[in-house]
Amino acid sequence: MKRASRLLPLLLAGCSGWQSALDPRGPSAQDLHGLFWLFTITCTVIWLAVMLVLLAALLRRPPATKGAAEAAGRRSARVVGGAVAATVLVVAGLTFASYLATRAISSDQPEALVIRLRGYQWWWEVTYPHEQPDQTLLTANEIHIPTGRPVRIELAAADVIHSFWVPNLTGKQDMIPGRSNSLVFTAEKPGTYRAQCAEFCGLQHAHMALHVVAEPPEAFERWRTAQLAEAPAPEDAEEEEGRRVLESKACAACHTVRGTEAAGNLGPDLTHVASRRFIAAGMLPTTRGSLAAWVADPQSIKPGNNMPMVSLTADELQAVSAYLTRLR
Amino acid sequence: MSEALEQRDLRDTALDEVLLESRLARTWHTPPGWVGFFTTVDHKRIAVRYIVTAFAFLLLGGVLALLMRLQLSRPEAGLIGPDLYNQIFTVHGSTMMFLFAVPVMEAVGVLLVPLMLGTRNIAFPRLNAFSYWIYLAGGLVLWVAFVLDVGPDVGWFAYVPLSGPQYSAGKRADIWAQMITFTEIAALAIAVEIVVTVLKQRAPGMSLDRIPLFVWAMFVTSFVVILAMPAVVVASTALILDRLVGTHFFNPAEGGDALLWQHLFWFFGHPEVYIIFLPAVGMISSILPTFVRRPIFGYLPLVLALIGTGILAFGLWVHHMFTTGLPRVGESFFTASSMAIAVPSGVQIFCWLATIWLGRPVWRVPFLYILAFFFTFVLGGLTGVMVASVPLDTQVHDTYFVVAHFHYVLVGGAVFPLLAAVTYWFSKMTGRMMSERLGRWSVALLFIGFNFTFFPMHILGLQGMPRRIYTYQADLPWGGMNLFVSLCSLALAAGFLLFVWNALRSARAGEAAGDNPWGAATLEWATSSPPPPYNFTRIPVVRSANPLWDDGGALPVASGLSVNRRELLITTTAEARPEARETSPRDSAWPFWAAIATTIMLVCSIFTPWAVVWGSIPVAVTLVGWFWPRGTPEDDS
Amino acid sequence: MKPWHAALLSLLLLAGCKRETRQARLDPAVAEAMDSVATLPIGINGRPPPVLLAMGEPYRSNAYQLSQGKRLYAWFNCQGCHTDGGGGSAPALMDGWWRYGPDAVSIFLSIRDGRPNGMPAFRERLTTEQIWQLTGYLQSLGATSSTAATPGRNDSMQTRPGENRVPSMSRLPSPHEGGP
Amino acid sequence: MRPLLRAGVAVVLMAMVLPMAAPCAQEAARDRITPANVATLRPVLTLRTGSAQPHLAAPVAADGLLFVLTPFPHHLLALDPASPTAPLRWRHVPEADGRAAGQACCGASGGVTAAGNRLFLATLDGRLTALEPATGSVLWDSRAADPGAGETLGAAPLVVGDRLFLGNAGDDFGVRGWIGAWEAPTGRPLWRRYTTGPDSDVGIGPDFRPHHHADQGRDLGQASWPPSAWRQGGGGVTGPILWDPTLGLLFHGTGHAAPWNPARRPGDNKWTAGLFARDPETGMARWFDSISPHDPHALGSATANALVELSWQGRPRRLLIHPDPNGRVYLLDPASGEMLSAEPFAPVNSTTGVDLANGRPQWNGAKLLDANGILREVCPGRPGAVGGEPDFSRDTGLFYIPASLLCMDIEFRDAAYIRGTGYTGANIRLGTAPGAPRGALVAWDVAAARAAWRVEEPFPLGGGALATAGGLVFYGTRDGALKAVDARSGQLLWRFDLGTGAVSRPVGFLGRDGRPYLAILAGDGRGAGREIDPRDASADSGLAHALRGLPPPREAGGVLYVFGLP
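If you're matching them up, the sequences are chains A, B, C and D in order.
Numbering of the first sequence is given in the UniProt record's numbering, commencing with residue 1 and proceeding in unit increments.
Numbering of the second sequence is given in the UniProt record's numbering, commencing with residue 1 and proceeding in unit increments.
Numbering of the third sequence is given in the UniProt record's numbering, commencing with residue 1 and proceeding in unit increments.
Numbering of the fourth sequence is given in the UniProt record's numbering, commencing with residue 1 and proceeding in unit increments.
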C-alpha cells in the first residue's frame with residue numbers, strides 16, 4: 001500500500017511523452033485514457049479494500065466461543081455473498097463502460113482522410129490514395145495528417161503480421177497478411193507522435209517505428225504538394241555524382257527516386273527521404289552523417305534487415321550522402 | 001495346497017501390522033540403483049523427479065530472463081543481438097509455460113492426489129513413467145537445440161506466418177512445434193491418470209463433497225487439459241505439415257488463413273493459464289486451513305468456482321486477439337466473458353478472506369507465501385480486468401503492461417502458491433522440513449524482488465514500450481525504469497536461488513518431519529513422511545472432509561486387499577463405496593523404451609515426414625513389450 | 001547427466017552444430033574475397049573462392065541463407081523470366097539442366113556477369129553475398145536429392161513441388177530427346 | 001554439352017532441302033485452291049530451319065519469292081518455291097544482340113514486310129533493316145529498340161507509300177510502348193508517339209476527338225497513372241498496324257499496362273489497352289477507344305484488326321473489327337471510334353458486358369482485385385482469347401478467329417522494376433474446366449455479332465488463320481496439324497501432319513510459275529519451347545500447364561512447308 005501510494009504520483013507525472021498512452025492527443029486516445037483511469041481507480045479501490053480486509057482478518061482476534069464463531073461464520077457468508085454480488089455489478093458496469101468506449105472509437109467517419117499503410121519487415125509503406133491517380137502519393141515511414149480531421153488508416157501486411165500503434169492518438173490494430181483492417185482517429189493538436197510495430201515480426205521488430213506528424217490542414221496540403229513533386233535536381237557536382245552512383249549501383253534496384261532512373265520498390269521510396277524526420281523506420285534522425293552511416297553499414301545498425309551492405313568507395317559514399325541530403 | 005492358495009491370494013486381513021508392512025514392502029518394492037531408476041512406476045518417485053526437473057527448467061528459464069534484463073537494462077545495448085534475443089525470449093516463454101508451470105503443477109498432482117485420496121498408486125502408473133520420460137525428452141530437445149543455436153525464435157505463441165515456412169527458415173520453429181508435441185503427450189497422460197484416479201480410486205467414504213480441494217482443482221485442471229490440448233495438437237501439427245510437407249493450412253493464397261493459427265493456439269493458450277492457475281488455487285485452499293486452524297470457508301462455492309473457471313476458460317480465448325480486427329459483436333461478447341471470470345475468482349478470494357477472518361493465523365513460511373499470493377494475485381487479477389476490456393486492450397496489448405499483468409498472475413497466482421506447496425509438502429517428498437529461517441528470507445526477497453521488478457513494467461507498457469523488443473532507442477524515456485527493473489530482478493533471482501538452496505540443504509540435513517508436522521487435516525498426513533511405496537498400510541476410511549481433525553488420532557481402515565500382488569481398492573464414482581479390487585502394474589522398463597522410441601520418431605520427423613512412418617515401428621514394438629503379459633500375479637487377476 | 005543424455009547430446013552436437021547460425025553482417029573483406037572466383041576464360045566452371053570453403057559453404061547448407069536466396073529470387077524479378085523455376089522466356093531452373101554448368105561458380109557468374117542470351121548482369125544490383133545466396137538457392141531448386149537444409153514453401157500460389165521434393169530427373173525427358 | 005549443342009544448332013543453319021515434289025503433269029494447272037481440290041495439296045518444298053524456338057513470324061511472299069524469317073537469332077531466307085531443287089536465293093543473317101533472346105515478350109517475334117520493291121526487316125533485338133529483295137543486300141540499317149531495357153520489336157512493319165510504321169514490344173519489362181514512322185527509302189526517323197506520358201509524347205493535339213468522354217482531357221497518359229508510373233507503363237504496339245486508305249488513318253492497338261499487378265498502378269492507365277487511330281503524316285492521334293481501362297488482368301489490346309465493308313443493321317457500312325484479348329469482338333466506326341458492338345467469342349467471365357455508350361466494360365467484381373492476392377478462374381486467361389491473327393472472308397462475311405479458350409488463376413505479388421528484367425508482379429496458372437476444349441477456330445458472323453460455327457481444338461490455337469478466295473480456311477495447330485476447313489460450314493476438308501506444332505499464320509501466294517502455293521512455317525507449339533519444366537504450373541506464364549498432354553514434336557526444329565496443287 002505504501003509502495004502503491006509512492007508509485008501513484010510517478011504514474012501521474014512521468015508518463016507523458018511522444019509514445020505514451022497516458023498523453024492523449026486525440027479524441028480516441030482521450031476516450032481510452034478516461035476509460036483507463038476509470039478502470040484503474042475502480043481496480044485500485046477494490047485492491048485496497050481486499051488488502052484492508054486481509055489486514056483486518058490477520059490482526060483480528062478470532063471469536064472466542066463456539067457460538068460467536070458460528071455467528072461470525074453466518075455473517076461472513078452474508079458478506080461474501082454481498083461481495084460476490086458487488087463483483088458482478090462492477091464487472092457488468094466496466095463491461096458496459098468499455099462497450100461505450102468501443103462504440104465511440106469505432107464509429108464510422110465518412111469524411112475521413114484515407115491512408116493506406118502496409119507493413120514490411122521492418123518498415124512501413126504509406127500511400128495516400130486519391131481519386132486522381134497522379135495525385136496518389138507513395139512514401140514511407142512517416143505519416144502526415146491534418147489536425148482536426150479524422151483519418152482512416154487502412155492496414156495491410158506484405159509479409160508477416162505487424163501491428164500499428166500510435167498510443168498518443170489511439171489504440172493499436174494488427175496488420176495481417178490476407179486480411180484488411182482499418183483504424184480511424186483524429187489528431188487534435190499539431191505534433192509528432194511516435195508509432196511502433198506492436199506485434200512481434202522478426203529480427204528487427206524493435207526497430208520498426210514510424211512517426212505520425214499532425215499539422216494544420218494548410219501545412220498538410222503544402223507537404224502533400226511538395227511530396228508529389230519529383231525529386232529535386234542535384235545542385236552541385238558532388239550531388240550530381242551521388243545521383244549517378246545511386247542510379248548505377250544496387251540502390252536503384254530497390255529504391256525509387258522519382259525523376260531519376262531509380263525505380264525499384266523493394267525498399268522505401270527515397271524521393272523525399274531528407275524531408276522525413278527519421279531514416280531506417282524511425283531509427284536514426286535524418287542527417288547527412290546518419291544517412292552516410294546507414295548506407296555504409298546497415299547491418300551493424302539494424303542487424304538482419306533486408307538492406308545489404310553495398311560496397312562503395314569513400315568518395316561514392318560522400319556523394320551519395322550529399323545527394324540523399326538534397327532529397328528534401 | 002492351502003499354502004499355495006494363500007500364496008496366491010493373501011489378504012491384508014490375515015496379517016498383523018508388522019508382517020503386513022513387510023509383505024506390502026516386498027510387493028510394492030522397486031529395485032535400488034539404475035534398474036529401479038529406469039523401471040519404477042511409484043507415483044511419488046516419478047512426481048519428485050518431475051518436480052526436480054521442472055525446477056531445473058525454472059532455473060534455466062530464469063537465467064534467460066536475467067539475460068534479457070541484462071540486455072534491456074540500457075538502451076541500444078549490444079550484449080545480445082536480435083537473433084539470440086528472439087531465441088532467448090522464445091525459449092524463456094516456452095520453458096516456463098511448457099516445461100515448468102504445467103508439468104510442475106501436474107507433478108504436484110501426481111504426488112499428492114493418490115496420497116490425498118488414500119490409494120496406493122496412481123491409475124496407469126506405467127503411463128505415468130512414460131509421461132516423465134517424454135517430458136524430459138521434450139525439454140532436452142528444446143534446450144539442446146537452443147544451445148546449438150537452433151532454438152526457436154518465433155515466440156512461445158509462434159504466430160504464423162512468421163513461424164511458417166516462408167519466414168522461419170530452418171528447423172527452429174519445427175523444434176518448437178515438436179517440443180509442444182512432447183509436452184502435450186506428457187500432460188495428456190497425466191490428465192487421464194488423475195481423472196481416473198479421482199473418479200475410481202478414492203478412499204472408501206470419500207464422497208464428492210469430502211474430496212480435498214486440491215484434488216478437486218487437479219480434477220478440473222485435468223479436464224481442461226484434456227479439452228484444451230487437442231487444439232494445440234491440431235495447431236502444431238498443421239504448422240509442421242505446412243512447414244515440412246507443404247500443406248496450406250495457414251497460407252491465405254491457397255485458401256488457408258493466418259488467423260486460424262491464433263484461434264487454435266489461444267483456444268489452448270488461454271485455458272493453459274488456468275491449467276497453471278487452478279492447481280495453485282487448490283494448493284491455497286488445501287494449505288490455508290492448516291495455517292488458520294479451521295476448515296475452509298465455503299467448500300461448495302469454492303468447488304463451483306473451480307468448475308466455473310474451468311468452463312469459462314474456454315470462452316475467452318479471443319481476448320488475446322482483440323487487435324486483430326474481429327467483429328465488434330464478438331469482441332463485446334468476449335469482453336463480457338473475460339470479465340466474468342472475475343466472478344469465480346472473486347468467490348475464491350472472498351472465501352479465503354473469510355477463512356482467514358474466522359481463523360487464527362499461524363505465521364509459518366507457507367502462510368507467508370499465501371499472503372504474498374494475495375497481494376500480487378489480486379493486483380494481477382485486476383489488471384486482467386483492464387486487459388479484458390477491448391478498448392483498453394488496444395492500448396496495452398503486446399506491451400510491457402501485459403508482461404507485468406501475466407507475471408503478476410502467473411508468478412503471484414501460481415508460483416507463490418507452488419513455493420508454499422513445496423515448503424508445506426516437503427516432508428512428504430523427503431521426510432524432512434525446510435528451514436524456516438531461510439524460508440522467511442526467500443519469501444521476503446521474492447516478494448520484494450517480484451513487485452519491484454514487475455510493477456514498473458505496467459508503467460513502461462503505458463509509456464509505449466512494446467513486448468519482444470531486443471532493444472530500444474536512447475531517446476525513448478524507458479531507460480531509467482528498465483535499469484531499475486533489471487536491478488530488482490536480481491533480488492527476485494536471489495529469492496529463487498535461496499529457495500532452491502534451502503530445498504537442497506533441507507533435503508539432506510533438514511529437521512526430520514513426523515507424519516503430520518503441520519497438524520493438517522487431509523489423508524496424506526495419515527501416513528509416514530516420506531510415505532512407503534504402498535502409501536498406506538491399510539486403506540483409510542473417510543467420514544468427513546477433514547478426516548484427521550474430525551476423527552482425532554485414529555482413522556478407521558478398510559481391508560481385504562491382496563498383499564502379494566499390487567492391488568488397489570476401486571470405489572464408486574459419487575459415494576466412494578468400495579466396488580472392486582484392481583491390480584496395479586509392476587515396474588517396467590518398457591515405458592522408458594517407448595519414450596525413447598517416440599522421441600526418435602518425433603525428432604526425426606522434424607527432418608523428414610517419412611520418419612512418422614518408419615519411426616512408428618519401434619514405437620509399436622515397445623508398446624507390445626509394454627502390454628505383453630509376463631506371468632506376474634498382476635497379470636493373473 | 002545420464003549416459004544416454006550425453007550420447008544424444010554429443011550426437012546432436014556432431015550432426016547439428018552451427019547449422020543454423022544466422023550471420024547478418026559480412027565483414028567487407030570477406031565479401032570482397034568472395035567475389036574473386038577463379039574461372040575459365042569462357043566463364044563456365046571454376047574454383048569457388050577459398051573463403052567460401054573456409055566458411056563451410058553456408059550459402060548451400062544453411063537454411064537461413066537459402067531462404068534469403070529464395071527471397072531475392074522473388075524480389076529481383078528472376079520470376080519474371082524463369083517463372084517459379086519452370087522457365088518461360090528464360091530456361092527452367094528446376095529441371096537439373098544448366099546451360100552453363102551446374103556448379104556454384106558457373107551459376108554465380110551467370111548472375112553476376114549475365115550471359116549473352118538474355119540473362120542480364122546483376123553485378124550492380126546485388127551484392128556479392130546476395131549473389132551467393134541466390135546461387136545456393138538455385139542449386140537447391142535444381143537439386144535432385146532432398147537435403148535437411150531447405151527453404152520452405154512461400155505463402156503464395158503453389159505452382160510446383162517444394163525445393164527439396166523435386167522428383168528424380170530420371171522421370172523427365174532430357175531436353176535433347178528427339179534432337180538431331 | 002548442352003550450350004555447345006545449342007550454339008551449333010543456332011549457328012549452322014541446316015537448310016536441308018528435300019525435293020519432294022512429284023511432277024504430275026497429267027492434270028491441268030489449277031489457278032486456285034478450292035474445297036474440291038484441297039485434298040490433292042501436297043508439299044512441294046520443305047525446309048528445316050534448325051531453330052528449336054517457336055516460329056511465330058509468317059513467311060512473306062513477294063514477286064513469287066518466299067521470305068522466311070526464322071526465330072531469333074534470325075536468319076532471313078529468300079526461297080523460290082517454283083524451283084524446288086535449288087530454292088535458296090539468298091540468306092541474310094543480321095548481327096544479333098543476344099540479350100533479346102530472353103526477352104521475347106508478348107509474342108514478339110520480329111517480322112518482314114515486302115513493299116515497293118524493298119524488303120523491310122524488323123528484328124527481335126530492335127534492328128530495322130531495308131534489303132534488296134532480289135539479292136538480299138542491305139540498303140539501310142538502323143536501331144529502333146533497346147534490348148537492354150527489355151525492348152523488342154514485335155510485328156512486321158507496315159509500309160505505306162514511302163513511309164514505314166513500326167511499334168515496339170516490351171510490356172512485360174515495363175517498357176513504354178510506342179509507334180514510330182521512318183522514311184522507307186532512307187531509314188530516316190520521322191516521328192515516334194508513345195502510349196503513355198504527357199500529350200506531347202502520346203501525340204495528342206487539337207485533332208484528337210475521342211468518342212468517349214472518359215478519354216477527353218489533358219495529359220491523361222500521365223494523370224491516369226500514379227506519379228512517374230507511366231514511365232514504366234508498358235502499352236507496347238505489339239500487333240500489326242492497320243492502314244485505312246479510305247480515311248487515311250492508321251489503326252493500332254496498345255498493349256497491356258505494366259506491371260501486370262493492377263494494385264501497383266491505380267487509375268485508368270491511359271493509353272494502354274485500347275485502340276488508336278492516328279494520322280500517318282504526323283502520328284497525331286485522331287481518336288482512342290479504351291477497351292480495358294486500368295487493364296485489371298493485363299491483357300492489353302494489341303491484337304490484329306481488320307477493316308470490312310458489310311451491311312450493318314440494314315445499311316452498308318465500313319467497320320473496324322477488333323477481336324480483343326478480353327474475349328470479345330468489338331465493332332467500331334473507323335472514322336469516329338464509336339463502339340457498335342462488343343460480343344464474346346470465347347468463354348468470358350471477367351466482364352459481363354460492355355457499356356457501348358461510354359465504351360467501358362462492365363467488370364465482374366468477383367474477378368477484380370486491386371491488392372496483392374489471388375484471383376481464381378478468370379476467363380479469358382493471359383495472354384488473351386485471341387490466339388493468332390484472324391482473317392476475314394468477304395465471300396462468307398465471316399471473321400475467322402483462332403481462339404484460345406483458357407482461364408487463369410492469377411496471383412498478384414509485389415512487382416519490382418529493375419531495368420531489363422521482367423516487370424510483372426503476378427504469377428499465372430492457366431487451365432480450363434476438365435473436358436472443355438482449350439482452343440477453337442471461331443467463325444464470327446460480323447453482321448449478326450455472333451459465332452456462326454466453331455471448330456473445337458484440344459489445344460489453344462497459337463497461329464493465325466488464312467481465309468482464301470476459294471472458300472477455304474487454313475490454320476495450324478499446336479499439335480502439329482495444318483487444317484483446311486470449309487469457310488461456310490467449318491467442315492474439315494484436309495489435314496496435314498506437320499511433325500511439329502504451328503504457331504504462325506499460313507500464307508497463300510502465286511509462284512513465279514503462276515500456280516497457287518500455300519506455305520506455313522511450323523515450329524514448336526509448346527510456347528517457349530523445350531527449356532520448360534512442366535512440373536511448374538506457372539512455367540511460361542502458365543502456358544506449359546495449359547498444354548499438358550501436348551505430345552513432343554517429332555521434328556527437332558522448325559520446318560517450312562510449301563504446298564502446291566499437283
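Just so you know, even glycine gets a beta-carbon here, dropped at the ideal spot from N, CA and C.
How would you write the range of the beta strand (DSSP E) that residue i sits in, first residue to last?
i              : result
Cys407(D)      : Cys407 to Phe412
Glu436(B)      : Segment Glu436 to Leu462 is the alpha helix (DSSP H) holding Glu436(B); no beta strand (DSSP E) there.
residue 659(B) : Residue 659(B) is absent from the structure shown; chain B starts at 1 and stops at 637.
Tyr100(C)      : Counting along the chain, Tyr100(C) falls outside any beta strand (DSSP E), and DSSP gives it neither H nor E.
Ser341(D)      : Met339 to Pro344
Strictly under 8 Å for the Cβ-Cβ distance: is residue i near chain A by that measure?
i        : result
Asp84(C) : no
Leaving aside the five residues before and after residue i along the sequence, list all residues of the same chain whose C-beta is less than 6 Å from its C-beta, in chain order.
i         : result
Pro259(D) : Ala415, Tyr423, Thr424 and Gly425
Met457(B) : Tyr400, Val403 and Ala404
Pro71(D)  : Ser51, Gln53 and His55
Thr183(B) : Phe98 and Gly138
On the DSSP letters alone, give me the boundaries of the alpha helix (DSSP H) that residue i sits inside.
i         : result
Glu218(A) : Pro217 to Leu228
Cys379(D) : Where Cys379(D) is concerned, there is no enclosing alpha helix (DSSP H), given that its DSSP letter is neither H nor E.
Could you check the C-alpha separation between residue i and residue j for me, to the nearest Å?
i         : j         : result
Gly431(D) : Leu406(D) : 6 Å
Ala574(B) : Tyr120(A) : 59 Å
Gln262(B) : Asp103(C) : 43 Å
Gly373(D) : Asn181(A) : 15 Å
Ile370(B) : Ile349(B) : 11 Å
His162(A) : Gln196(A) : 10 Å
Asp236(A) : Tyr323(A) : 9 Å
Arg566(B) : Val48(B)  : 21 Å
For my contact list, residue i and residue j are in at a C-beta cut-off of 8 Å; report their separation, rounded to the angstrom.
i         : j         : result
Leu250(D) : Phe165(D) : 6 Å
Asp269(A) : Thr136(A) : Not really, about 12 Å apart at Cβ, beyond 8 Å.
Thr599(B) : Pro75(B)  : That belief does not hold up - the Cβ atoms of Thr599(B) and Pro75(B) are roughly 43 Å apart, past 8 Å.
Ala92(C)  : Glu531(D) : 6 Å
Val198(B) : Val215(B) : 6 Å
Spatial neighbours of residue i within its chain, please: CB distance less than 7 Å, with the 5 preceding and 5 following residues excluded, ordered by chain position.
i         : result
Gly439(B) : Val365, Thr423 and Asn502
Is residue i close to chain C? Criterion is C-beta to C-beta, closer than 8 Å.
i         : result
Arg127(D) : no
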